[in-house]
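K.L.:
Under my numbering, the first residue of the sequence shown is numbered 2, with each subsequent residue one higher. No residue lacks a Cβ here, since even glycine has one placed at the ideal position from N, Cα and C. This structure is a prediction, so every number in the text was calculated from the model and none was measured. After the structure tokens below, expect a handful of questions from me.
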Amino acid sequence: MAVLSPLSMDGFLPAVDSAAKGLNTDVGQIMVAFGMLTIGNGIGQIIYGPLSDRFGRRPIIIAGLLIYILSSGLSALANDVEMLFLFRFIQGLAVASTMIILRAVVRDLFGVTEGAKLFANLFMVLALIPLIAPILAGHLTVWFGWRAVFVMMAVVSLIVLAIILYFLEESLQEKDVRAMTPKVLAVSFAEIITDRCFVTFLLIGTGAYAGLFAVLGGIAPVMTGTLGQTSDVFGYQFSAVMIGHFVAAALAGKLVGMLGIKKILFIATSISLTGGLLIYFLAWAGITTIYAILIPVALHLVGFAMTIPAMTAGALSNFHHMAGRASSLLGFLQQSAGAAVAITLGLTADGTQFPMVTALAASSLFAFLAFAFMIPRVTLKAH
């Protein structure tokens, strides 16, 4: 079920330029629509966690998938960019259910170290989608136009729904009948956001996600606009960039078991920072080539792939009793940071790579500093 989140984001990147032309608008506005997807995703995450704690994981993911199918179909029918804003927002609301329920199910069933390993293995499978989706989307855009990409999303989500209906059993052993009451929500979120361990991993993850959205919100206009790459060629280029991301995700589970969460996060944030600073200084040195963009981005995404499983397990480690709510708050705050980055890039798009590289360098530095200053004061529980 988690495949829909990267499909919604990475899968549309090769179609950005075509969609802008088809809707008689500029690429920046299409990237604002991408930001609307992210806003919806963030808001959805704050909703689905409490809902799943109250009613169970299975009914919430089924409802989310039904909404996703509908919103994907409506996005394919959008006649102007304002309609696309709305339908992408709804699509974001829907797709939020996938990652929230996934995190909560893992936390329902596994401890911290086991959860980190499983998150890494799941993330490895998840990392396959950015390898495949841009290539498929690029060809669909060239052959049938940008609307075909949304049709693809609807079809994939229908398949996921069928799998969920057949295979997914309820993992929540005891439903919290008070999970949706305002007082309980306020007390729960206050407990979560004042937990030092949660805040530490939240800040690291926020920097990581801000960097991801700097890439997702900025690379398509640079590659298909500034550097003149066609949609199908860019699809292959972005997939090539994601190979390192996939390899890192594949190794992350074993590395967490060997080195522990703290050491793996040091390595991961250092790698991301190296990529972020490299692309920044190359840009300001006047080096604007395909490789000056793709190689640092690939390096940054290697670090991202290693960061997220360990960060997620660490952030949720103290909240077995309300994993859904903790997962919701984590997702909401990180997606909000991503939305802010994506919309800012859309509004400040100037035909150069400078908005993207500045955001990427700043976000990777933020994640590294959050690790350096806060991780030493955190003690992880083993349950």
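I need the straight-line Cα distance from valine 157 to phenylalanine 168, nearest angstrom please.
P.N.:
16 Å
K.L.:
For methionine 10, which residues of its own chain have a beta-carbon under 6 Å away from its beta-carbon, when the five flanking residues on both sides are left out?
P.N.:
Leu217
K.L.:
CB-CB under 6 Å to alanine 368, same chain, minus the five flanking residues each way: which ones, in chain order?
P.N.:
Setting aside the 5 residues that flank it on each side, alanine 368 is surrounded in the same chain by Ile205, Gly208, Ala209, Thr270, each with a C-beta closer than 6 Å to its C-beta; the list follows chain order.
K.L.:
With a floor of 3 residues, list each beta strand (DSSP E) that falls wholly inside the stretch 133 to 219, ordered by position along the chain.
P.N.:
none
K.L.:
What's the gap between the Cα of valine 342 and the Cα of alanine 360?
P.N.:
7 Å
K.L.:
Terminal residues of the continuous alpha helix (DSSP H) containing isoleucine 40?
P.N.:
28 to 56
K.L.:
Taking buried to mean at least 16 other C-beta atoms within 10 Å of its own C-beta, is histidine 384 buried or exposed?
P.N.:
For histidine 384, the predicted structure reports a pLDDT of 48, less than 50, and the residue's modelled location is therefore unreliable. The matter cannot be settled from this model.
K.L.:
Closer than 8 Å is the cut-off here; do at least three beta carbon pairs connect the stretch 218 to 237 with the stretch 370 to 379?
P.N.:
Output reads no: the stretch 370 to 379 does not touch the stretch 218 to 237.
K.L.:
Whose C-beta lies closer than 8 Å to the C-beta of leucine 213 among residues of the same chain, with five residues either side of it excluded?
P.N.:
If we look at leucine 213 and ignore the five residues flanking it on each side, its Cβ neighbours are Leu302, Phe305, Gly339.
K.L.:
Would DSSP call isoleucine 68 helix, strand or coil?
P.N.:
helix
K.L.:
With 16 other CB atoms within 10 Å as the buried threshold, where does arginine 197 fall?
P.N.:
When all chains shown are included, arginine 197 counts as exposed.
K.L.:
Taking the Cβ atom as the reference point for each residue, do threonine 142 and leucine 5 lie within a distance shorter than 8 Å?
P.N.:
no
K.L.:
What are the boundary residues of the alpha helix (DSSP H) that includes glycine 304?
P.N.:
First-last of the alpha helix (DSSP H) with glycine 304: 291 to 316.
K.L.:
Is it true that the stretch 52 to 66 meets the stretch 246 to 260, where meeting means three or more beta-carbon pairs spaced less than 8 Å apart?
P.N.:
no
K.L.:
Whose C-alpha, out of Ser232, Ala128, Ser273, is nearest the C-alpha of valine 248?
P.N.:
Ala128
K.L.:
Please list, in chain order, all residues of the same chain as alanine 77 whose beta carbon is under 7 Å from its beta carbon, the five residues on each side excluded.
P.N.:
Arg148, Phe151, Val152
K.L.:
Check the C-beta distance from isoleucine 47 over to leucine 330 and give it rounded, since I have them as a contact under 8 Å.
P.N.:
7 Å
K.L.:
Under a three-way DSSP split, which group does isoleucine 344 fall into?
P.N.:
In this structure, DSSP gives isoleucine 344 a helical state, which the three-state scheme calls helix.
K.L.:
Quick check on DSSP: helix, strand or coil for leucine 320?
P.N.:
Before going on, a small fix: residue 320 reads as phenylalanine here, not leucine. Coil at phenylalanine 320, not helix or strand.
K.L.:
Spatial neighbours of leucine 366 within its chain, please: C-beta separation below 7 Å, excluding the five flanking residues on both sides.
P.N.:
Correct list, in chain order: Leu274, Gly277.
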